[in-house]
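K.L.:
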Amino acid sequence: GIQVEQSPPDLILQEGANSTLRCNFSDSVNNLQWFHQNPWGQLINLFYIPSGTKQNGRLSATTVATERYSLLYISSSQTTDSGVYFCAGLSGNTPLVFGKGTRLSVIA
Amino acid sequence: DSGVTQTPKHLITATGQRVTLRCSPRSGDLSVYWYQQSLDQGLQFLIQYYNGEERAKGNILERFSAQQFPDLHSELNLSSLELGDSALYFCASTPFGQGKSYTFGSGTRLTVV
Chain A
1 GIQVEQSPPD LILQEGANST LRCNFSDSVN NLQWFHQNPW GQLINLFYIP SGTKQNGRLS
61 ATTVATERYS LLYISSSQTT DSGVYFCAGL SGNTPLVFGK GTRLSVIA
Chain B
1 DSGVTQTPKH LITATGQRVT LRCSPRSGDL SVYWYQQSLD QGLQFLIQYY NGEERAKGNI
61 LERFSAQQFP DLHSELNLSS LELGDSALYF CASTPFGQGK SYTFGSGTRL TVV
């Protein structure tokens, strides 16, 4: 199955700062999603983005399928953005494979 | 509310016991997936059901089993529990087969003491 690598593993930001999280895939994917896991453990679907660019408020994501990577941009970060960000992808008929996540801490 | 319902939200049980976790997928979704997240770990795929049939199996222990019922809800049965089984167990659903956006439930936090 595919391998998913996320970077950086940990990130500490001052409130108001911007950040970019990266996700690399070992093979081409036909499904790519970004999730946010809040401190209470809830897994929230941010983007379904197998290719192209999407924006939702202060968050945006870009997937370059031909180069097997995806980026998640967080602008004007807030303390409520803290948590773990996961990307996950699948290739063919395999179930969704998750990366190990980026743990984000936003400090007021 | 994602539309995927998991019960119970929390479960504390002793080693050697057996528990059942329940998942109701979003209305109209035929596929159900179970994932396990141990402490500070990523999500590991356990098993998938599609319209009542097992479709894919991941790193699921022999002590664990699952099924999907005619009304499409699914149950994950964990038996002979060990301390290492303590984890968050998530259920997700998709409309059909693979692909498309996975929608996750809020999870069941299992603590084995």
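In the order they appear, the protein sequences are chains A and B.
Quick note: the first sequence, position 72, residue 72 per my numbering, numbers continuous.
Quick note: the second sequence, position 25, residue 25 per my numbering, numbers continuous.
We treat Cβ as the ideally placed atom computed from N, Cα and C, and that holds for glycine.
1. In the DSSP assignment, find the beta strand (DSSP E) that holds S65(B) and state where it starts and stops.
2. So L72(A) contacts chain B; which residues on that side make the cut at Cβ distance below 7 Å?
3. Please go through the same chain and pick out, in chain order, the residues whose beta-carbon is closer than 8 Å to the beta-carbon of L43(A), but skip the five residues on each side of it.
4. Of all the residues that make up the stretch 83-111 of chain B, which are near chain A by a beta-carbon distance shorter than 8 Å?
5. Spatial neighbours of T94(A) within its chain, please: C-beta separation below 6 Å, excluding the five flanking residues on both sides.
6. Compile a chain-ordered list of the residues in the stretch 34-46 of chain B whose CB is closer than 7 Å to at least one CB of chain A.
7. Comparing the C-beta of L59(A) with each C-beta of chain B, is any distance below 8 Å?
8. Measure from the alpha carbon of S24(B) to the alpha carbon of each residue in Q67(B), Q48(B), Q17(B) and L72(B), then state which is nearest.
9. Thinking L116(B) and V19(B) are a contact (beta carbons under 8 Å), I'd like their distance in whole angstroms, please.
10. Since L96(A) and N45(A) are thought to touch, with beta carbons under 8 Å apart, how far apart are those beta carbons, to the nearest angstrom?
11. Between which two residues does the beta strand (DSSP E) carrying V84(A) extend?
12. Mind listing the chain B neighbours of Q55(A)? Cutoff is C-beta to C-beta under 7 Å, in chain order.
13. Using a beta-carbon distance below 8 Å, is S25(A) in contact with chain B?
14. Who pairs with S106(B) in a beta bridge, going by DSSP?
15. What is the rounded straight-line gap between the Cα of E67(A) and the Cα of N59(B)?
16. Along the stretch 50-80 of chain B, where does the CB come closer than 9 Å to a CB of chain A? Name the residues.
17. Using a Cβ cut-off of 9 Å, pull out every chain A residue sitting near Q48(B), in sequence order please.
18. Would you decide whether T108(B) is buried or exposed? Buried here means 16 or more other CB atoms lie within 10 Å of its CB.
19. What residues are listed by DSSP as bridge partners for S26(A)?
20. What's the C-alpha gap between S93(B) and Y33(B)?
P.N.:
On the basis of the data shown:
1. Taking the second sequence and counting its residues from 1, one reaches residue 65(B) at position 65. Start and end: F64 to Q68.
2. Translated into the one-based positions of the first sequence, residue 72(A) becomes position 72. Contact annotation for L72(A) against chain B: no contact, minimum CB-CB distance about 16 Å [criterion: below 7 Å].
3. For this step, residue 43(A) is matched to residue 43 along the first sequence. When the five nearest sequence neighbours on each side are left out, the beta carbons in the same chain lying within less than 8 Å of the beta carbon of L43(A) are those of F35, H36, Q37 and F86, in order along the chain.
4. Listed by position along the chain: L88, F90, A92, G97, Q98, G99, K100, S101, Y102, T103, F104, S106, G107 and R109.
5. By one-based count along the first sequence, residue 94(A) stands at place 94. Taking C-beta separations shorter than 6 Å and ignoring five residues to either side along the sequence, the partners of T94(A) in its chain run G1, following chain order.
6. Of all residues in the stretch 34-46 of chain B, the ones placed with a Cβ closer than 7 Å to any Cβ belonging to chain A are G42, L43 and F45, in chain order.
7. Taking the first residue of the first sequence as 1, we reach residue 59(A) at position 59. No, no contact with chain B.
8. Along the second sequence, one-based indexing puts residue 24(B) at 24. Here the closest residue by C-alpha is L72(B).
9. No answer is possible for residue 116(B): it lies beyond the span of chain B, which begins at 1 and ends at 113.
10. Taking the first sequence and counting its residues from 1, one reaches residue 96(A) at position 96. Taking the first sequence and counting its residues from 1, one reaches residue 45(A) at position 45. Contact between L96(A) and N45(A) is absent: CB atoms are separated by about 11 Å, not below the 8 Å threshold.
11. The residue you call residue 84(A) lines up with position 84 of the first sequence. Residues G83 to L90.
12. On the first sequence, residue 55(A) is found 55 positions in, with the first residue counted as 1. Taking the beta carbon of Q55(A) as reference, no residue of chain B falls within 7 Å; the closest one sits roughly 17 Å away.
13. In the first sequence, counting from the first residue as 1, residue 25(A) sits at position 25. In the sequence as presented, Ser is not what sits at residue 25(A); that position holds Phe. For F25(A), the answer is no, since every Cβ of chain B falls outside 8 Å of its Cβ.
14. Sequence index remark: in the second sequence, residue 106(B) carries index 106 (1-based). Answer is none; S106(B) lacks a bridge partner.
15. For this step, residue 67(A) is matched to residue 67 along the first sequence. For this step, residue 59(B) is matched to residue 59 along the second sequence. Looking at the backbone, the Cα of E67(A) and that of N59(B) are separated by about 29 Å.
16. Listed by position along the chain: R55, A56 and G58.
17. Position 48 of the second sequence, counted from the first residue, corresponds to residue 48(B). Against Q48(B), the close residues of chain A are P95, in the order they occur along the chain (beta-carbon pairs closer than 9 Å).
18. What you label residue 108(B) is simply residue 108 of the second sequence in a count that begins at 1. Around the beta carbon of T108(B), a 10 Å sphere encloses 16 or more other beta carbons of the protein chains shown; the residue is thus reported as buried.
19. Residue 26(A) sits at position 26 when you count from the first residue of the first sequence. In the DSSP output, where bridge partners are listed per residue, S26(A) has none listed.
20. Walking along the second sequence from the start, residue 93(B) turns up at place 93. Walking along the second sequence from the start, residue 33(B) turns up at place 33. S93(B) and Y33(B) have their alpha carbons spaced roughly 6 Å apart.
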